[in-house]
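Novice: Got a structure for you, questions after.
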Amino acid sequence: FIVHITCLRAQDIYCDSAVAKHVFNPSRLTMVEPCVTVKGVVKFLLPGRDGDMHIALKPDSGYSRLINASNIAVWDSCLVCEIVCQHAPDSTAGVGDICKGYVNHVQVPRAGSHIAVTGTLAEDDGEGILGKYGWMEIHPVTAIASLKPVQRQPGR
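The opening position of the sequence shown corresponds to residue 242 in the numbering used here, with each subsequent residue numbered one higher.
In structure tokens:
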């Protein structure tokens, strides 16, 4: 679901630890903060084989501490934000029944939209064809709020 937040802190309302049981292979994630909210602009979306939707979020100024060298190198300076169980997993992904009976109501934002994402901040220590990932993620995402578009200064 997408909500508009005015004066309440998103993490006070929308952190839901129960969503974590739908994270595929959670042992690869090292939790950094159990509940954070970060604002930024969606650069692109990437459906995962495990049924998660990956959001590449370019953090607003003030949130750059949430990304590391792997985010910069692999994700074009974006924070990875994963909405779990967003679509049917690839049959070869080996995720089993992790999403069976679970409906995730977090709506996928559009590329270019300015949003606030709430969830668990973690480092993904999983391995792929290029070795260890090591990037920072909001995984799982428990809420997304739409924000007003970022106003750019003339000449920037």
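For glycine and all other residues, C-beta sits at the position ideal for the given N, C-alpha and C.
Over what stretch of residues does the beta strand (DSSP E) that includes S387 continue unbroken?
Specialist: Locating residue 387 in the sequence shown gives position 146, counting from the first residue. 376-387 is the extent of the beta strand (DSSP E) around S387.
Novice: How big is the Cα-Cα spacing for D331 and G289?
Specialist: Your numbering for residue 331 matches position 90 in the sequence shown. Your numbering for residue 289 matches position 48 in the sequence shown. Their backbone Cα atoms lie some 8 Å apart in a straight line.
Novice: State yes or no: is the C-beta of I385 within less than 8 Å of the C-beta of V279?
Specialist: For this step, residue 385 is matched to residue 144 along the sequence shown. For this step, residue 279 is matched to residue 38 along the sequence shown. No, the Cβ-Cβ distance between I385 and V279 is not below 8 Å.
Novice: Is it true that the CB of G375 sits closer than 8 Å to the CB of D366?
Specialist: Numbered from 1 along the sequence shown, position 125 holds the residue referred to as residue 366. Numbered from 1 along the sequence shown, position 134 holds the residue referred to as residue 375. Yes; because the gap between Cβ atoms is below 8 Å, this pair is in contact.
Novice: Over the uninterrupted alpha helix (DSSP H) stretch that includes A314, give me the two end residues.
Specialist: Counting from one through the sequence shown, the residue named residue 314 turns up at place 73. Here the alpha helix (DSSP H) through A314 covers 310-315.
Novice: Where are the beta strand (DSSP E) runs, 3 residues long or more, that stay fully inside the segment 316-369, in chain order?
Specialist: The segment 316-369 contains these whole beta strand (DSSP E) runs: 320-324, 355-365.
Novice: Comparing C-alpha positions only, which one of G337, K299, M294 sits nearest to L320?
Specialist: Here residue 320 is taken as the residue at index 79 of the sequence shown, counted from 1. Closest option to L320, Cα to Cα, is K299.
Novice: Classify N312: buried if its beta carbon has 16 or more other beta carbons within 10 angstroms, exposed otherwise.
Specialist: Counted from its first residue, the sequence shown places residue 312 at position 71. By the neighbour-count rule (16 or more Cβ atoms within 10 Å), N312 is buried.
Novice: From H263, F265, N266, E323, pick the residue whose C-alpha is nearest to that of L362; which is it?
Specialist: Along the sequence shown, read from residue 1 onward, the residue named residue 362 stands at position 121. Measuring from the Cα of L362, the nearest candidate turns out to be E323.
Novice: Exposed or buried, which one is G369 when buried takes at least 16 other CB atoms within 10 Å?
Specialist: For the purposes of this step, residue 369 is taken as the residue at position 128 of the sequence shown. Label assigned to G369: exposed.
Novice: Among S387, G360, P390, L388, whose alpha-carbon lies nearest the alpha-carbon of V264?
Specialist: Indexing the sequence shown from 1 puts residue 264 at position 23. Residue G360 is the option with its Cα nearest to V264.
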